[in-house]
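Its first residue numbered 754, the sequence shown is counted upward by one per residue in the working numbering. The C-beta atom is built at its ideal place from N, Cα and C for all residues, glycine as well. So the structure is just underneath, and the comments pick up after that.
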Amino acid sequence: MPEYRYLTAAQTGSYVWKSASASSAASLERELLSAEVLVLDLEAADGAPQAIRGRGKDAEKLLFLEQLETAFFSGMPLTRALDIALVSMPKGKFKTALESTRGEVFNGVSFSHAISRWPEIFDGTERALIGAGEEAGIMAESLQQINVSLRRSMEMSQRIGSLLLYPKIVGVVLVLVLVVLLGFTLPRFEGIFASSNVPLPWITQQLLGLSRWVGQHPVVSSCGLAVCSWFVWAVPFLIRGTAGIHKRLFLIPVLGAVFKKNLSCSFCRTFSQLLAANIPMLQALQYCREISWNIFYRECIAEACLRINAGRPFANALAPLGLILGEDVVGMLNFGEKSGAISKILTPLTQRMDHDLNLLVDRLKPTLEAGVTVGISLVVGTIILAAVLPVFDMVRVFAP
């Protein structure tokens, strides 16, 4: 039988990859669910464990799915649409996956099954919606839903990325400014201060000592500059790869609210689409796991799946998600489940949350820029103050 790997939470609080054999990934997930095992990620054991995948949203995939949507609305056969899409697709992994998918579809394999061989490109949610569209004969509508979700997620990712770009650039510039001040500017003042025999303030002594160290160790200082600049730029990737701090991301002032609101919008939109496609609630929750790489979010989803599988009430099952989604969203989900119209309730809720998220990001940008400016002013101002304070003492000493 095929070998699979799954990521789960250990008793020590860490996260470990384990291996298991099963006839399919779906059957293994059902077995693990029955054994009350938290499943945070699951993949074929055909290489080294990958980093937790987010949703594979990129321009190539969106272009391809938009072409397919147009083809199905116009009544074009799937194989013909795939041939046309292949012609305009640049070389790369996506085109390789598309060529493989086209060959399997040509041999009679369903499109949803063919793309399931490429989970790093098409996530579970997309495969589920496409599969439901194939069974119900509404592929155009299913692709339309996927494309709306992809466009919205890409737009928000770009807005949040541009929001964080300013602090990154300013952080790198600040490191360069500090090197110039400590390595070239302050040493010029040191000779003047030494000849005046004026007692130096404590802060000036510390900065001059640091300046001398930088001048005596140019290689180490240059390496430190490179490391600091790289660290400022690589913070998002370091955060993503450090599972232990994923929960704390939601507790960061201001930015944590953006992370939670963005994830809540993505969850509600995806959950609503899956339920509208008549996918069972438990399976829909499992697919929603893939909308984020955040380990804490995935652990909450896995815990909710275990509770639903154990027959607990829906409100109790979603309790672990309260910290991320918010109690109001969990309450709306509970009301929708009891009224039997959860997908209809989630649609306007998602629209309202999208609007709130846009307002939050718009308000955050000037606040973040002001905070970064104040921080830079404090650092540079402290260095300037340390250089200027002894001058006043020198004036008093040499004044007639």
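Inset, instruction - Report the three-state DSSP secondary structure of E796 (helix, strand or coil). - result: In the sequence shown, counting from the first residue as 1, residue 796 sits at position 43. E796: strand per DSSP, three-state reduction.
Legend entry - Backbone CA spacing between K1014 and I1077 [nearest angstrom]: Locating residue 1014 in the sequence shown gives position 261, where the first residue counts as 1. Locating residue 1077 in the sequence shown gives position 324, where the first residue counts as 1. Roughly 8 Å between the two C-alpha positions.
Inset, instruction - From the DSSP output, read off the bridge partner residues of V858. - result: Here residue 858 is taken as the residue at index 105 of the sequence shown, counted from 1. Beta-bridge pairing links V858 to no other residue.
Legend entry - Min CB distance G766 to chain B below 7 Å: Of the protein chains in this structure there is only one, and it is not chain B.
Inset, instruction - Could you tell me the distance, in whole angstroms, from the CA atom of T995 to the CA atom of S827? - result: Locating residue 995 in the sequence shown gives position 242, counting from the first residue. Locating residue 827 in the sequence shown gives position 74, counting from the first residue. Between T995 and S827, the C-alpha separation is close to 46 Å.
Inset, instruction - State the Cα-Cα distance for the pair D1115 and C1021, rounded to the nearest angstrom. - result: Position 362 of the sequence shown, counted from the first residue, corresponds to residue 1115. Position 268 of the sequence shown, counted from the first residue, corresponds to residue 1021. About 22 Å.
Legend entry - Through-space distance from L961 to P872, alpha-carbon basis: Taking the sequence shown and counting its residues from 1, one reaches residue 872 at position 119. Taking the sequence shown and counting its residues from 1, one reaches residue 961 at position 208. Cα to Cα, P872 sits roughly 56 Å from L961.
Inset, instruction - Please state whether DSSP places S949 in a helix, a strand or coil. - result: The sequence position of residue 949 within the sequence shown is 196, counting from 1. Looking at S949 - three-state DSSP - the assignment turns out to be helix.
Inset, instruction - Classify K810 as helix, strand or coil using the three-state DSSP reduction. - result: Working through the sequence shown from its first residue, we reach residue 810 at position 57. Below a pLDDT of 50, predicted positions are generally treated as unreliable, and K810, at 47, falls in that range; the measurement from the model is reported next regardless. In this structure, K810 counts as coil in the three-state DSSP scheme.
Inset, instruction - Tell me whether S863 sits in a helix, a strand or coil according to DSSP, three-state version. - result: Here residue 863 refers to the residue found at position 110 when the sequence shown is read from its first residue. Coil, per DSSP.
Inset, instruction - Work out the CA separation of L935 and L1016 for me, nearest whole Å. - result: Here residue 1016 is taken as the residue at index 263 of the sequence shown, counted from 1. Here residue 935 is taken as the residue at index 182 of the sequence shown, counted from 1. Taking the straight line joining both Cα atoms gives about 43 Å.
Legend entry - Secondary structure of T761, DSSP reduced to three states: Residue 761 sits at position 8 when you count from the first residue of the sequence shown. Strand, per DSSP.
Legend entry - Segment contact, 8 Å Cβ cut-off, at least three pairs: the stretch 850-863 with the stretch 923-931: no
Legend entry - Residue range of the beta strand (DSSP E) that includes A773: Here the question's residue 773 lines up with position 20 in the sequence shown. Where A773 is concerned, the enclosing beta strand (DSSP E) stretches over Y768 to S774.
Legend entry - DSSP state of E873 mapped onto helix, strand, coil: Locating residue 873 in the sequence shown gives position 120, counting from the first residue. In the structure shown, E873 sits in coil (DSSP, three-state: anything other than H, G, I, E or B).
Inset, instruction - Just the C-alpha distance for G1064 and A834, rounded to the nearest angstrom, thanks. - result: Locating residue 1064 in the sequence shown gives position 311, where the first residue counts as 1. Locating residue 834 in the sequence shown gives position 81, where the first residue counts as 1. So the two alpha carbons sit approximately 44 Å from each other.
Inset, instruction - Since I believe V792 is in contact with Y759 (beta carbons under 8 Å), could you give me their beta-carbon distance rounded to a whole number of angstroms? - result: Taking the first residue of the sequence shown as 1, we reach residue 759 at position 6. Taking the first residue of the sequence shown as 1, we reach residue 792 at position 39. Contact flag correct, Cβ pair sits at about 5 Å.
Legend entry - R1060 vs A1068 beta-carbon contact at 7 Å: By one-based count along the sequence shown, residue 1060 stands at place 307. By one-based count along the sequence shown, residue 1068 stands at place 315. It is not a contact, given that the beta carbons lie outside the stated cut-off.
Legend entry - Identity of the residues DSSP links to E756 by a beta bridge: On the sequence shown, residue 756 is found 3 positions in, with the first residue counted as 1. Bridge partners of E756: S774.
Inset, instruction - Note down, in chain order, each residue of its chain lying with its Cβ closer than 7 Å to the Cβ of L831, except the 5 sequence neighbours on either side. - result: As a first step, residue 831 must be located in the sequence shown, where it is residue number 78. Cβ within range, chain order: V858 and F864.
Legend entry - Touch test, the stretch 1097-1106 against the stretch 1030-1038, Cβ-Cβ under 8 Å, three pairs minimum: no
Inset, instruction - Go ahead and pull the three-state DSSP assignment for L1071. - result: Taking the sequence shown and counting its residues from 1, the one referred to as residue 1071 is at position 318. Three-state DSSP puts L1071 in coil, outside helix and strand.
Inset, instruction - Determine the closest residue to A1072 out of A1057, V1132 and E813, with distance taken between C-alpha atoms. - result: By one-based count along the sequence shown, residue 1072 stands at place 319. Closest by alpha carbon: A1057.
Inset, instruction - Look at the alpha carbon of K814 and the alpha carbon of A1139, and state the distance between them as a whole number of angstroms. - result: The sequence position of residue 814 within the sequence shown is 61, counting from 1. The sequence position of residue 1139 within the sequence shown is 386, counting from 1. Cα to Cα, the separation comes out at about 55 Å.
Inset, instruction - Using three-state DSSP, classify H1108 as helix, strand or coil. - result: To locate residue 1108, count along the sequence shown from 1; it is residue 355. In the structure shown, H1108 sits in a helix (DSSP, three-state: H, G or I).
Inset, instruction - Alpha carbon to alpha carbon, how far is E1080 from A763? Give it in angstroms, no decimals. - result: The residue you call residue 763 lines up with position 10 of the sequence shown. The residue you call residue 1080 lines up with position 327 of the sequence shown. Using only the alpha carbons, I get a separation of about 28 Å.
Inset, instruction - Would you give the residue range spanned by the alpha helix (DSSP H) that P920 belongs to? - result: Position 167 of the sequence shown, counted from the first residue, corresponds to residue 920. M892 to V933 is the extent of the alpha helix (DSSP H) around P920.
Inset, instruction - Quick one: measure Cβ to Cβ for L795 and E782, integer angstroms, because I've assumed they're closer than 8 Å. - result: In the sequence shown, the residue the question calls residue 795 occupies position 42. In the sequence shown, the residue the question calls residue 782 occupies position 29. The Cβ separation is near 6 Å, so the contact holds.
Legend entry - Whole-angstrom C-beta distance between P989 and S964, which should lie under 8 Å: In the sequence shown, counting from the first residue as 1, residue 964 sits at position 211. In the sequence shown, counting from the first residue as 1, residue 989 sits at position 236. Rounded, the Cβ-Cβ distance is 32 Å, inconsistent with contact.
Inset, instruction - Please name the residue in P1006, K1000 and G1089 whose C-alpha comes closest to that of Y1050. - result: Reading the sequence shown from its first residue, position 297 is the one you call residue 1050. Measuring from the Cα of Y1050, the nearest candidate turns out to be K1000.
Inset, instruction - Would you decide whether P1119 is buried or exposed? Buried here means 16 or more other CB atoms lie within 10 Å of its CB. - result: Taking the sequence shown and counting its residues from 1, one reaches residue 1119 at position 366. Exposed, by the Cβ-count rule.
Inset, instruction - Taking F825 as the reference, give the member of S1019, G1084, E887 and R912 with the closest Cα. - result: Sequence index remark: in the sequence shown, residue 825 carries index 72 (1-based). Among S1019, G1084, E887 and R912, the Cα nearest to that of F825 is on E887.
Legend entry - Environment of S776 [buried if 16+ CB atoms lie within 10 Å]: Sequence index remark: in the sequence shown, residue 776 carries index 23 (1-based). With fewer than 16 Cβ atoms within 10 Å of its Cβ, S776 is classed as exposed.
Legend entry - Contact check, L882 vs S895, beta carbons under 7 Å: Position 129 of the sequence shown holds residue 882. Position 142 of the sequence shown holds residue 895. Going by C-beta atoms, L882 is nearer than 7 Å to S895.
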